[in-house]
Amino acid sequence: MADDPPGGRRLAVLASGSGTILQALLEAGLPVALVLADRPCPALGRAEAADIPAELVARGSYGADFDRDAYTTAVVAALRAHRTDLVAMAGFGTILGRAVHDAYPGAVVNTHPSLLPAFKGWHAVDDALARGVKVTGCTVHLATLEVDEGPILAQEAVPVLPDDTVATLHERIKDVERRLYPRVLRELMVGSRDGAGAGAGEVEG
Numbered sequence: 001m002a003d004d005p006p007g008g009r010r011l012a013v014l015a016s017g018s019g020t021i022l023q024a025l026l027e028a029g030l031p032v033a034l035v036l037a038d039r040p041c042p043a044l045g046r047a048e049a050a051d052i053p054a055e056l057v058a059r060g061s062y063g064a065d066f067d068r069d070a071y072t073t074a075v076v077a078a079l080r081a082h083r084t085d086l087v088a089m090a091g092f093g094t095i096l097g098r099a100v101h102d103a104y105p106g107a108v109v110n111t112h113p114s115l116l117p118a119f120k121g122w123h124a125v126d127d128a129l130a131r132g133v134k135v136t137g138c139t140v141h142l143a144t145l146e147v148d149e150g151p152i153l154a155q156e157a158v159p160v161l162p163d164d165t166v167a168t169l170h171e172r173i174k175d176v177e178r179r180l181y182p183r184v185l186r187e188l189m190v191g192s193r194d195g196a197g198a199g200a201g202e203v204e205g
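Residues in the sequence shown are numbered consecutively from 1, following the working numbering.
So this is what it looks like as structure tokens:
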């Protein structure tokens, strides 16, 4: 079970996959109040193993055409039920609607595998390799309704090696994410960083 959160903030982590970013947050000592997933996935098992409340809000239960607004409302209800006030996307595979940003203004954070504004979207690593860039990286930013458009909180560069594949490059970016994301979230939780963007935009080499 998580200890009392620094600064009194309660962190929710939204995940869809293996949960390696979640694990990095836990190993960094961040107190996580809730793990929420949109599908059955190993991240839920990691939460249960760490005695952290876990919620499955299954995307597949919201119709063949997917009712995004209804789904987002259900996610917000789960977040509120656990009294969370900071939301960290950690490989969450569903784009949420306006309700989450209305409920948590300036408090939804995402990590993205590129140096935004370059290479937005789901295929950022593929796109970086296809473009032939020598450097890419990861970005921690505030999430907004516009995907990968929110204020940048921190970035770190990752060199692209001549023999890189999508898998090898993505894994090195993930290594950086697992270090950078916990640091930024901790700063948000203790109040040394303003979620609205003060102190934002540093780029590390």
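No residue lacks a Cβ here, since even glycine has one placed at the ideal position from N, Cα and C.
In angstroms with no decimal places, state the Cα-to-Cα distance between Ala88 and Val108. 6 Å
Kindly identify the DSSP beta-bridge partner or partners of Pro117. Answer by DSSP bridge pairing: none, since Pro117 is not bridged.
Whole beta strand (DSSP E) elements within the segment 66-137, 3-residue minimum: 86-90, 108-112
Among the candidates Arg59, Lys174, Ala33, whose CA atom is the shortest distance from the CA of Leu206? Absent from the model: residue 206. The displayed extent of the chain is 1 to 205, so no value can be given.
Roughly how many angstroms separate the alpha carbons of His170 and Arg9, rounded to a whole number? 31 Å
DSSP three-state call for Ala43: helix, strand or coil? helix
Per DSSP, which residues does Thr139 bridge with? Please list them. Paired residue(s): His112, Gln155.
Quick one: what's got a C-beta closer than 7 Å to Ala124's C-beta in the same chain, skipping five residues either side? His112, Pro113, Ser114
Inter-residue spacing [alpha-carbon to alpha-carbon] between Ala154 and Gly132: Ala154 and Gly132 have their C-alpha atoms some 24 Å from each other.
Less than 8 Å separating the beta-carbons of Pro42 and Gly63? Contact: no.
Which residue marks the beginning of the alpha helix (DSSP H) containing Glu187, and which one marks its end? Taken as a continuous stretch (DSSP letters only), the alpha helix (DSSP H) holding Glu187 covers 166-190.
Candidates Leu161, Pro151, Ile21: which alpha carbon is nearest Arg183's? Ile21
Asp142: buried (16+ other C-beta within 10 angstroms of its C-beta) or exposed? Checking the displayed sequence, the identity of residue 142 turns out to be Leu instead of Asp. Buried: at least 16 other Cβ atoms inside 10 Å.
DSSP state of Arg10 mapped onto helix, strand, coil: coil
Close beta carbons around Asp127, own chain, < 6 Å, minus the five adjacent residues each side: Phe119
Using a threshold of 8 Å, state whether the C-beta atoms of Thr139 and Leu161 are closer than that. no
Do Leu11 and Val32 come within 8 Å of each other at the CB atom, strictly closer than that value? yes
The beta strand (DSSP E) with Glu277 in it runs from where to where? Because residue 277 is not part of the residues shown, which for the chain are 1 to 205, the question remains open.
Which residue's Cα is closest to the Cα of Leu36: Arg172, Asp67, Gly93, Asp175? Gly93
My guess is that Ala47 and Val76 are in contact by the Cβ rule of under 8 Å, so how many angstroms apart are they, rounded? Going by Cβ atoms, the distance from Ala47 to Val76 rounds to 19 Å, so no, they are not a contact pair.
For Gly121, which residues in the same chain have their Cβ closer than 8 Å to its Cβ, ignoring the five residues on either side in sequence? Asp127, Val147, Asp148
When burial is assigned at 16 or more other CB atoms within 10 Å of the CB, is Lys174 buried or exposed? buried
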